[in-house]
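Following: one structure in structure tokens, then a few remarks.
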Amino acid sequence: LQPNKASVDGYDVTASTNMLSHFLLTKELFGQLEHASKNNGLARIVIMSSASGYGGPALDPTFFQRRGGNLGESTHASYARYHQTKLANLAFCSALKDRLESSNNNRIQAVACTPGVCGTD
134 LQPNKASVDG YDVTASTNML SHFLLTKELF GQLEHASKNN GLARIVIMSS
184 ASGYGGPALD PTFFQRRGGN LGESTHASYA RYHQTKLANL AFCSALKDRL
234 ESSNNNRIQA VACTPGVCGT D
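For the sequence shown, position 36 (counting from the first letter as 1) is numbered 169 according to our numbering, and the numbering increases by one without interruption.
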């Protein structure tokens, strides 16, 4: 868990790492995903979440504002920051999926997964 500190851009480090980076990467690669889906038939955006996204308070948008999101220094606050980012990833995935469907873009899929509960060989 990350300490309560801000990135150079003024955002909470946990928010920058766990959520804002997913959003930015998707935004930056979206044109490439569209191109790939036209050539190969399908592209998929996989957003990492966590089961902890279901276990806490509702999403607090102020947490993701610049110089916002100070939830304190305690271990509980560290988990609260982590929870907020994973819940935000679920909200981002849901909104992205809705936008893709409403634009009739069925070549790009948006899915969220919780790696801690995925079966592997």
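Backbone N, C-alpha and C define an ideal beta-carbon position, used for all residues, glycine too.
| query | result |
| --- | --- |
| Just mark Asp145 as buried or exposed, buried being the case when its beta carbon has 16 or more other beta carbons within 10 Å. | buried |
| Bridge partners for Cys246 per DSSP, in chain order? | Met181 |
| Excluding the 5 residues flanking Cys226 on each side, which residues of the same chain have their C-beta closer than 6 Å to its C-beta? | Ile180, Ala243, Ala245 |
| Indicate whether Thr218 and Asn151 have their beta-carbon atoms separated by less than 8 Å. | yes |
| Which same chain residues, not among the five before or five after Ala221, have their C-beta less than 7 Å away from its C-beta? | Met152, Leu192, Phe197 |
| In its own chain, which residues sit with a C-beta less than 6 Å from the C-beta of Ser149, not counting the 5 before and 5 after it? | Ser140 |
| Is Asp231 helix, strand or coil when you go by DSSP? | helix |
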